[in-house]
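Notes for the one structure printed next.
Protein chains: 2
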Amino acid sequence: MGAQLHRILRTAIIRGELVPGQAISEIEMSKRFSISRQPVREAFIKLGEERLIEVMPQRGTYVRKISVKEVLDARHLREIIELSIVREVTEKHDASLIKTLRQLIAQQQKVKPGDSRSFLALDEELHRTLALHAGRELAWRVTESIKAQMDRVRFLTFDFATPMPQLVGEHAKIVDAIESGDAELAAQRMQSHLRAILTSLPLIAERYPEHFVDE
Amino acid sequence: MGAQLHRILRTAIIRGELVPGQAISEIEMSKRFSISRQPVREAFIKLGEERLIEVMPQRGTYVRKISVKEVLDARHLREIIELSIVREVTEKHDASLIKTLRQLIAQQQKVKPGDSRSFLALDEELHRTLALHAGRELAWRVTESIKAQMDRVRFLTFDFATPMPQLVGEHAKIVDAIESGDAELAAQRMQSHLRAILTSLPLIAERYPEHFVDE
DNA sequence: ACTTGAATACTTGTATACTAGCATCCAAAA
DNA sequence: TTTTGGATGCTAGTATACAAGTATTCAAGT
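Protein chains in written order, with the numbering used here: chain A, 5 to 219; chain B, 5 to 219.
Listed below in structure tokens is the structure:
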């Protein structure tokens, strides 16, 4: 139960359904989901470790506002990890991987404009495929957790601008590079792909100031 | 309380005081520390996420045996992160950092042979200093958590061989490289430093088979 | 001798009751 | 009008009680 609730709340926060700064409480959630406080508490602890909420003892629990610094920090770490991964898989020259990736891209192309949830799920699936194919399960677990902060920003992005076709194009270019066997080219394209958020982040932070912490 | 107990059990597992495979239970720990099951339970959840114990519902909780694959995975990820960090700090040319590092090394030289606890604490302090100086708090949190699996091996290592002076020498060489401003040299030395475990790991696994999972 | 099955003693998971601390609000006093 | 102090209602932290499931043990029956 606690694990289930953790995933539910996690996606709700990432999607912005639980707005930053909003107060939530163990009792409130236990009533809403008709469970006791204990599983809620355990879900809260996990969310706190992921920096998605802040538990203040004897005071209350709040959905954390997005920190630009933390997003940049997460992005940087993710870049380090994923660049290494994409280099690894490129060296492997695995045809079956290429096929899987191309199938994912085909699915991404079919996503209807505005369906940001489906796209982000397929996007995550692509990055996950790369990591697991490199045999880096631990690296993927870490990436998955730090990605949350970035995804919060991306969900805001999709609200007013949807460059989905461009992102799919970047994915295709990356896969092309992997197939070519040029690890540095693949890494370079992955890098610029992962740096896209750098240009959008300041705009988002300015457009949705109430979602971000002042710093 | 839960957080305190988490640290206590964490270090106990890393030091091998709680032996791999050993059954522990929430009730047992609650009695030993004179607290209720709930804080114990929360500590267990965290330890489970760090892969230090395994909680099997309705069956029991066990100290996880060391997995060679997981140690190698952790080492690899750590190398990626720390190489990036050491490159960053080298580019910064910060004299105060060099001073701090040299002080740490001086303390490491004073550690008495056999006092592996003190040495590992100072070792961690050095790596932590580098990460935080690069402004990579998130990267350090990740490193800290994945380091646990490696430290379990290192504590076994110290039981029969103590190459502490050699390790201190490696640290000194790394700091020299950082001071010289040659980022690639610093990274190269850090890399070989972090790869030391690769040679000792097979020996340890063979010497202490009961500490390792069969795979 | 072997197998089967029920009782028992564990385990973790969940629900509830109680404790301690913080914040707000409102009234009373200066 | 301003300040102070206490009552009240909230919060999370902890302790305890109960539920559900597993492994073991031991005895009874074949």
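Glycine is no exception: its CB is placed at the ideal position from the N, C-alpha and C atoms.
Kindly indicate which residue of the options has the alpha-carbon position closest to the one of residue i.
i: residue 32 (chain B); options: B:24, B:20, B:146, B:48; result: B:48
i: residue 221 (chain B); options: B:189, B:55, B:170, B:204; result: Residue 221 (chain B) is absent from the model: chain B starts at 5 and stops at 219.
i: residue 190 (chain A); options: A:94, A:159, A:75, A:215; result: A:94
i: residue 151 (chain B); options: B:78, B:34, B:38, B:8; result: B:78
i: residue 199 (chain B); options: B:207, B:76, B:122; result: B:76
i: residue 36 (chain B); options: B:20, B:9, B:50, B:54; result: B:9
i: residue 117 (chain B); options: B:131, B:168, B:130; result: B:168
i: residue 90 (chain A); options: A:153, A:183, A:63; result: A:183
i: residue 50 (chain A); options: A:7, A:207, A:214; result: A:7
i: residue 109 (chain A); options: A:130, A:38, A:39; result: A:130
Taking the C-alpha atoms as reference points, what is the distance between residue i and residue j?
i: residue 18 (chain A); j: residue 107 (chain B); result: 44 Å
i: residue 92 (chain B); j: residue 175 (chain A); result: 29 Å
i: residue 187 (chain B); j: residue 15 (chain A); result: 40 Å
i: residue 128 (chain B); j: residue 155 (chain B); result: 10 Å
i: residue 102 (chain B); j: residue 139 (chain B); result: 16 Å
i: residue 56 (chain B); j: residue 205 (chain B); result: 18 Å
i: residue 46 (chain A); j: residue 46 (chain B); result: 7 Å
i: residue 115 (chain A); j: residue 202 (chain B); result: 45 Å
i: residue 26 (chain B); j: residue 54 (chain A); result: 30 Å
i: residue 39 (chain A); j: residue 132 (chain A); result: 33 Å
i: residue 63 (chain A); j: residue 20 (chain B); result: 38 Å
i: residue 215 (chain A); j: residue 219 (chain B); result: 47 Å
i: residue 99 (chain B); j: residue 207 (chain B); result: 40 Å
i: residue 272 (chain A); j: residue 122 (chain B); result: With chain A covering only 5 through 219, there is no way to say anything about residue 272 (chain A).
Would a C-beta distance cut-off of 7 Å place residue i and residue j closer than the cut-off?
i: residue 69 (chain A); j: residue 24 (chain A); result: yes
i: residue 5 (chain A); j: residue 61 (chain A); result: no
i: residue 193 (chain B); j: residue 209 (chain B); result: no
i: residue 88 (chain A); j: residue 84 (chain B); result: yes
i: residue 12 (chain A); j: residue 65 (chain A); result: no
i: residue 146 (chain B); j: residue 146 (chain A); result: yes
i: residue 142 (chain A); j: residue 142 (chain B); result: no
i: residue 172 (chain A); j: residue 71 (chain A); result: no
i: residue 111 (chain A); j: residue 124 (chain A); result: no
i: residue 220 (chain B); j: residue 179 (chain B); result: Given that chain B is displayed from residue 5 to residue 219, the structure contains no residue 220 (chain B) and the question cannot be resolved.
Whose C-beta lies closer than 6 Å to the C-beta of residue i among residues of the same chain, with five residues either side of it excluded?
i: residue 197 (chain A); result: 174
i: residue 120 (chain B); result: 162
i: residue 58 (chain A); result: 66, 68
i: residue 52 (chain A); result: 59
i: residue 153 (chain A); result: 74, 75, 78
Which residues in the same chain have their Cβ closer than 8 Å to the Cβ of residue i, if we skip the five residues on either side of it in sequence?
i: residue 97 (chain B); result: 185
i: residue 195 (chain B); result: 83, 87
i: residue 22 (chain A); result: 13, 16, 28, 67
At a CB-CB cut-off below 9 Å, which residues of chain B make contact with residue i?
i: residue 140 (chain A); result: 77, 80, 81
i: residue 143 (chain A); result: 77, 80, 81, 84
i: residue 46 (chain A); result: 45, 46, 49
Enumerate in chain order the residues of its own chain whose CB-to-CB distance from residue i is below 7 Å, with the five nearest sequence positions on each side excluded.
i: residue 212 (chain A); result: 160
i: residue 136 (chain B); result: 144
i: residue 41 (chain B); result: 30, 31, 34
i: residue 177 (chain A); result: 193
For residue i, which residues in chain A fall below 8 Å Cβ to Cβ?
i: residue 152 (chain B); result: By Cβ distance, chain A contributes nothing, its closest Cβ being about 12 Å from residue 152 (chain B), past 8 Å.
Which residues in chain B have a C-beta closer than 8 Å to the C-beta of residue i? List them in chain order.
i: residue 88 (chain A); result: 84
i: residue 146 (chain A); result: 81, 146, 150
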